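Just so we're on the same page, our numbering is the position in the sequence shown counted from 1, plus 50. The C-beta atom is built at its ideal place from N, Cα and C for all residues, glycine as well. Predicted model, so just to flag it, every value in this text is computed and none were measured.
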Amino acid sequence: MRKKIIIGNWKMHKTQAAAKVFAKETVDLVARAKQDGIILGVAPSYLSLEVVKKHNKRLIVAAQNVHQEEAGAFTGEISLPMLQEIKIGHVILGHSERRQYFNETDAALNLKVNRVLNAGLVPIFCVGETLSEFEAKLTKTVIARQITIGLAGINPALVKKLIVAYEPVWSIGTGKNASPEIAQDICAFIRHELMKMYGKSKANQIHLLYGGSVKPENIKAYLSLQDVDGALVGGASLEVASFTKLVMNLK
Ligand code: PGA
């Protein structure tokens with residue numbers, strides 16, 4: 051059975067001091083959520099990964115990106131062995147901001163996904179269409195391309211560990227969330243694409259998240275959907291109060 055997962059994506063927010071406060075103040079919340087079958091996580095900046103892990107042992111701590119090579123002349127990058135050394139188990143890959151501002155391509159992301167899985171970590175692989183693609187009714191064409199290239203060639207034994215997040219670019223940080231009907235339609239489509247690639251039983255084990263202006267007021271509508279197993283949350287994950295409400299409003 052698939053679990054419910056809520057991951058906060060902190061992007062370039064929070065100093066180590068602020069991250070530590072958040073981690074300490076959410077220890078009880080993480081334990082209570084777990085009792086209700088909800089897994090909580092956050093993706094802080096690289097600098098705060100260890101800080102959050104140290105002060106909140108049960109919270110999933112995800113990196114926001116990783117380089118595909120183990121080491122080398124790649125100024126400013128972070129490698130998998132560096133994340134493994136501090137016991138980070140999850141990595142967001144292909145967030146639309148990385149695709150948009152850092153030119154991450156489907157082919158480059160495919161390398162990253164495979165390296166991350168083969169190293170024993172869980173990728174949280176993001177897909178989603180831009181506003182112009184949405185308006186041109188190209189959503190499924192774009193998602194199919196992102197999935198078939200980005201998630202190609204995965205070792206069948208590792209496929210079930212994947213987490214895929216559907217985040218329409220036009221809904222990220224805009225307050226214009228995709229309707230639950232759209233979220234369900236696209237997540238079912240993603241699962242169908244994964245079935246074609248890896249078979250029904252494996253595709254049914256993959257966790258699919260919706261992301262894009264998820265707030266305490268609308269989270270329940272998404273997590274009640276058949277093919278949506280959780281949420282990737284930006285703005286509403288930054289404050290302890292709203293992060294707490296996201297969980298509480300699921301009841
Ligand atoms: P948002 O961001 O919740 O602030 O829209 C979501 C994301 O970028 O993952």
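From residue i to residue j, what does the alpha carbon distance come to, in whole angstroms?
i: K104; j: I110; result: 11 Å
i: N115; j: V141; result: 6 Å
i: E231; j: L273; result: 12 Å
i: I256; j: E185; result: 28 Å
i: R165; j: M132; result: 14 Å
i: G170; j: N205; result: 12 Å
i: T191; j: M247; result: 16 Å
i: V264; j: G126; result: 31 Å
i: L97; j: R148; result: 18 Å
i: N54; j: D279; result: One point to set straight first is that residue 54 is Lys, not Asn, in the sequence displayed. Taking the straight line joining both Cα atoms gives about 5 Å.
i: E243; j: T189; result: 13 Å
i: M245; j: N168; result: 21 Å
i: T294; j: T76; result: 8 Å
i: Q196; j: I89; result: 26 Å
i: N299; j: I269; result: 7 Å
i: K71; j: I240; result: Here residue 71 turns out to be Val, not Lys, going by the sequence shown. Cα-Cα distance, rounded: 37 Å.
i: W220; j: K61; result: 17 Å
i: K304; j: G144; result: Outside the shown range of the chain, which is 51 to 301, sits residue 304, and nothing can be said about it.
i: V163; j: K187; result: 27 Å
i: L99; j: L79; result: 19 Å
i: I128; j: K137; result: 14 Å
i: D156; j: V177; result: 10 Å
i: H63; j: G91; result: 16 Å
i: N227; j: K250; result: 29 Å
Which whole-angstrom value is the C-beta distance of residue i and residue j, which I expect to be below 8 Å?
i: D277; j: L296; result: Contact doesn't hold; Cβ gap of about 20 Å is too wide.
i: K74; j: R108; result: Actually they are not in contact, since the Cβ atoms of K74 and R108 sit about 13 Å apart, beyond 8 Å.
i: A233; j: Y260; result: 4 Å
i: V209; j: F175; result: Not a contact, Cβ separation roughly 12 Å.
i: V102; j: A81; result: Not really, about 16 Å apart at Cβ, beyond 8 Å.
Alpha carbons only, please: which of the options is nearest the one belonging to residue i?
i: A271; options: T198, H242, K301 and L97; result: K301
i: S95; options: T294, L288 and R165; result: L288
i: A93; options: Q66, T224 and V209; result: Q66
i: A207; options: N299, V172 and L79; result: V172
i: E135; options: H145, S146, L143 and A113; result: A113
i: C237; options: K187, P218, G249 and S146; result: P218
i: S146; options: I240, L159 and P266; result: L159
i: L161; options: T189, E183, G139 and Q118; result: Q118
i: S229; options: L244, F239 and G262; result: G262
i: T180; options: Y216, L167 and N168; result: Y216
i: D86; options: G225, I56 and Q196; result: I56
i: G225; options: G139, P266, K187 and K211; result: P266
i: D235; options: L212, E183, I193 and M51; result: I193
i: N59; options: L275, G178 and I222; result: I222
Counting only beta-carbon atoms, is residue i nearer than 9 Å to chain B?
i: A286; result: In the structure shown, chain B cannot be found, because there is only a single protein chain.
Q. Counting pairs of Cβ atoms below 8 Å between the stretch 279-287 and the stretch 193-200, do you hit three or more?
A. The stretch 279-287, when compared against the stretch 193-200, does not touch it at the 8 Å Cβ threshold.
Q) Can you list the alpha helix (DSSP H) stretches of 4 or more residues lying completely in the stretch 151-232, in chain order? A) As far as the stretch 151-232 is concerned, its whole alpha helix (DSSP H) runs of at least 4 residues are 156-168, 181-185 and 189-200.
Q. With contact counted as at least three CB pairs below 8 Å, one residue from each stretch, are the stretch 145-156 and the stretch 120-130 in contact?
A. Taking 8 Å as the limit for Cβ pairs, the verdict is that the stretch 120-130 does not touch the stretch 145-156.
**Q.** Minimum length 3: unbroken beta strand (DSSP E) runs contained in the stretch 91-124
**A.** The beta strand (DSSP E) runs lying completely inside the stretch 91-124 and spanning 3 residues or more are 110-113, given in chain order.
Q: Within the stretch 261-289, note down every full beta strand (DSSP E) run reaching 3 residues or more, in order along the chain.
A: The qualifying runs are 280-283.
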